[in-house]
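Residue numbers (UniProt numbering), protein chains in the order written: chain A, 1 to 369; chain B, 1 to 369.
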């Protein structure tokens with residue numbers, strides 16, 4: 001019989017008195033039964049979606065040490081929106097990978113295997129799971145290489161699946177120099193899908209061009225609007241995935257799609273008949289989304305979330321997962337700029353760096369450190 | 001053989017030199033052949049959707065008489081968006097009704113009948129059409145009563161159809177004291193559909209309450225936000241049709257739907273799983289639509305246009321049309337505050353009144369005057 005493991009787990013809590021508190025909690029993991037397993041987490045990435053839960057609306061610069069915990073004041077006007085999580089100590093970490101160190105009688109085959117997991121609570125030394133939730137990494141693929149096997153790969157692949165399912169023939173992507181964006185660029189190059197990449201600096205333009213991208217536009221450059229209409233006309237893209245969310249960008253894309261779709265068409269006061277869709281899948285900019293009245297009437301702006309998309313078609317999700325596993329070190333490779341330990345995540349100067357969400361920077365946690 | 005009719009037709013033209021020009025043009029209507037008919041228009045309403053084409057972006061106060069025409073300066077920065085209609089003299093008027101005064105050999109049965117038409121070019125003394133396009137009004141229904149048989153009735157009925165087709169169980173409507181809004185209220189009362197009406201004054205609240213509406217909220221009143229969440233929770237409405245379009249209203253509705261959907265649910269950083277949909281079908285407010293980041297990820301904001309909706313399911317459209325004809329003087333009755341002649345429409349002081357788009361005011365043109 002295996003021993004009970006005392007795992008260390010990173011927790012975030014909004015307290016009644018208006019603070020956000022980060023701490024390391026101990027969690028007892030009983031020896032697994034049935035098809036249960038315990039994975040010693042070796043690598044778990046810090047994704048923007050993790051930061052949303054971890055830090056909520058606080059300013060990273062306001063961190064105050066309180067014993068082993070880190071405490072931040074919450075702006076009083078934000079407490080209403082946090083009512084549902086107030087008073088709950090919540091684990092964090094959407095995905096990760098590590099070695100199976102304990103396994104129930106039905107999961108013995110997994111013992112010693114390196115597996116990837118998703119589903120939360122990964123910022124921990126150990127995590128319990130069921131055998132069917134574990135994706136065994138191919139031989140020679142490390143935990144670090146498998147740590148980001150779900151959020152970015154399945155989202156990027158999901159974009160192409162949505163494009164096909166909804167009858168579009170090309171894609172627009174914003175914040176396109178991100179890990180996810182580079183991945184999407186590789187998928188589109190491999191599958192022959194025209195992709196219009198929108199980034200925020202000349203350096204990011206070069207980065208994607210160097211990776212073979214045909215259309216890379218800098219939204220901060222002069223002439224961006226005209227260049228966007230041209231790229232949309234050239235590709236016929238009527239579908240965009242936007243990680244920025246706030247501000248005028250989503251609306252500018254819609255307006256440019258409308259301009260590209262109307263060019264050479266007879267005037268209609270209701271705009272073009274081409275349906276234009278923007279999915280907002282991230283909120284790098286927390287300001288309101290602004291949609292100018294220049295896109296006609298055949299358009300939608302929608303939120304996009306991976307989990308319900310995958311749940312809507314399990315066979316499709318399985319097919320996507322198999323491709324990710326097969327191309328984990330090529331198409332779906334993730335790069336990290338820094339690896340930190342679990343306790344480092346609670347050091348104010350480290351936190352301020354990983355909380356910046358800077359494109360091109362990506363942190364990995366190795367809880368064994 | 002019938003005589004050629006010289007019809008007078010209201011035209012709008014964006015000229016190369018940056019003006020918008022309204023005028024009356026003469027149009028020769030040859031005697032109809034086959035199933036052709038000519039209708040002497042007796043009643044044609046001025047809908048907000050007509051004003052969009054008629055006046056484009058001009059300020060009604062800038063009208064300048066030029067012979068029989070009325071000319072307005074166009075702000076130079078708006079000319080780009082008008083490129084596709086520049087230099088074209090365009091007829092106006094989405095719908096109307098009148099008596100069939102000429103008919104081809106296959107349409108003789110329609111001669112003398114009062115019919116309703118839709119499809120443009122109604123601001124005219126006469127309009128040519130095909131027999132199959134004409135909806136013969138029931139006995140005892142006048143041209144005035146049949147003039148608005150398409151735009152408002154089919155749009156209002158379409159909202160309830162969309163609700164059922166997309167699996168929602170209640171509706172939200174803005175600018176709800178409009179002719180269309182009162183119509184929707186009557187449909188919802190008749191069909192037992194819970195409806196949350198949003199209006200902009202206490203007077204409009206009284207108007208709809210007097211017509212039996214259960215939920216009428218004044219968006220300018222204190223406590224509107226809280227009242228909206230309560231009404232959404234009470235009705236379970238996750239679908240809204242918004243005629244305002246610009247400003248924060250569409251986003252406030254989404255945010256309130258999310259609050260109502262999340263109440264009593266476990267916290268999820270991604271928001272509730274209930275899909276929330278706002279359709280923007282009008283643009284009473286031409287500012288950008290502002291969507292705050294408080295609606296989770298299960299939402300869409302989309303344009304809504306009647307014509308493609310009807311075209312998508314001809315059998316449904318036919319069923320809707322039959323109901324409208326049967327209830328034209330009850331559920332689908334339109335009220336007009338003023339009737340003007342075709343030449344009156346070109347008088348600056350009259351134009352400034354009908355161009356106000358004030359809720360509760362509605363103009364009818366009788367081209368026989």
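The beta carbon of each residue, even a glycine, is placed where N, CA and C say it ideally should be.
Taking 8 Å as the CB-CB limit, is residue i close to chain A?
| i | result |
| --- | --- |
| residue 88 of chain B | yes |
| residue 22 of chain B | no |
| residue 52 of chain B | yes |
| residue 219 of chain B | no |
Could you please give the first and the last residue of the uninterrupted alpha helix (DSSP H) stretch that includes residue i?
| i | result |
| --- | --- |
| residue 24 of chain A | Taken as a continuous stretch (DSSP letters only), residue 24 of chain A belongs to no alpha helix (DSSP H), being part of the beta strand (DSSP E) at 19 to 29. |
| residue 255 of chain B | 249 to 262 |
| residue 349 of chain A | 348 to 354 |
| residue 309 of chain A | 306 to 311 |
| residue 182 of chain B | 179 to 191 |
| residue 209 of chain A | 202 to 210 |
| residue 229 of chain B | 224 to 235 |
| residue 322 of chain A | 314 to 326 |
| residue 155 of chain B | 151 to 165 |
| residue 3 of chain B | Residue 3 of chain B -> no alpha helix (DSSP H), and no H or E assigned at all. |
Among the residues of its own chain, which have a CB less than 6 Å from the CB of residue i, if the five just before and after it don't count?
| i | result |
| --- | --- |
| residue 194 of chain B | 170 and 235 |
| residue 176 of chain B | 197, 198 and 199 |
| residue 36 of chain A | 104 |
| residue 346 of chain B | 22 and 70 |
| residue 113 of chain A | 100 and 136 |
| residue 62 of chain B | 72 and 73 |
| residue 20 of chain B | 14, 56, 58, 72 and 74 |
For chain B, find out if any of its Cβ atoms is closer than 8 Å to the Cβ of residue i; answer yes or no.
| i | result |
| --- | --- |
| residue 174 of chain A | no |
| residue 58 of chain A | no |
| residue 297 of chain A | yes |
| residue 294 of chain A | yes |
| residue 288 of chain A | yes |
| residue 241 of chain A | no |
| residue 223 of chain A | no |
| residue 262 of chain A | yes |
| residue 131 of chain A | no |
Is the shortest distance between the beta-carbon of residue i and the beta-carbons of chain C less than 8 Å?
| i | result |
| --- | --- |
| residue 158 of chain A | Among the protein chains in the structure shown, which are A and B, there is no chain C. |
So which residues on chain B does residue i lean against when the C-beta distance must stay under 8 Å?
| i | result |
| --- | --- |
| residue 339 of chain A | Within chain B, no residue comes near residue 339 of chain A; the closest Cβ sits about 25 Å away, beyond 8 Å. |
| residue 308 of chain A | 273 and 298 |
| residue 283 of chain A | 293 |
Could you pull the start and end residues of the beta strand (DSSP E) that residue i belongs to?
| i | result |
| --- | --- |
| residue 277 of chain B | 276 to 280 |
| residue 96 of chain B | 95 to 103 |
| residue 197 of chain A | 195 to 199 |
| residue 87 of chain A | From DSSP, residue 87 of chain A is part of no beta strand (DSSP E); its letter is neither H nor E. |
| residue 303 of chain B | 299 to 303 |
| residue 342 of chain B | Taken as a continuous stretch (DSSP letters only), residue 342 of chain B belongs to no beta strand (DSSP E), as it is neither H nor E. |
Could you list which residues in chain B have their beta carbon closer than 9 Å to that of residue i, in chain order?
| i | result |
| --- | --- |
| residue 249 of chain A | Near residue 249 of chain A there are no residues of chain B at all, since even the closest Cβ is about 12 Å away, more than 9 Å. |
Label residue i either buried or exposed according to how many other C-beta atoms from any shown protein chain fall within 10 Å of its C-beta, with 16 as the threshold for buried.
| i | result |
| --- | --- |
| residue 298 of chain B | buried |
| residue 209 of chain B | exposed |
| residue 108 of chain B | exposed |
| residue 4 of chain A | exposed |
| residue 322 of chain B | exposed |
| residue 9 of chain A | buried |
| residue 29 of chain A | buried |
| residue 49 of chain B | buried |
| residue 243 of chain B | buried |
| residue 182 of chain B | buried |
| residue 45 of chain A | buried |
Strictly below 8 Å CB to CB, what residues from chain A border residue i?
| i | result |
| --- | --- |
| residue 270 of chain B | 305 and 307 |
| residue 81 of chain B | 294 |
Counting only Cβ pairs nearer than 7 Å, list the residues of chain A close to residue i.
| i | result |
| --- | --- |
| residue 85 of chain B | 267 |
Excluding five sequence neighbours on each side, which residues of the same chain lie with their C-beta closer than 8 Å to the C-beta of residue i?
| i | result |
| --- | --- |
| residue 291 of chain A | 250, 251, 254 and 301 |
| residue 6 of chain B | 26, 27, 28 and 29 |
Which residues in chain B sit within 7 Å of residue i, going by Cβ to Cβ distance?
| i | result |
| --- | --- |
| residue 302 of chain A | 299 and 300 |
| residue 245 of chain A | 293 |
Starting from the C-beta of residue i, find all residues in its chain whose C-beta is less than 7 Å away, skip the five residues before and the five after it, and write them out in chain order.
| i | result |
| --- | --- |
| residue 187 of chain A | 156, 157, 160 and 331 |
| residue 189 of chain A | 212 |
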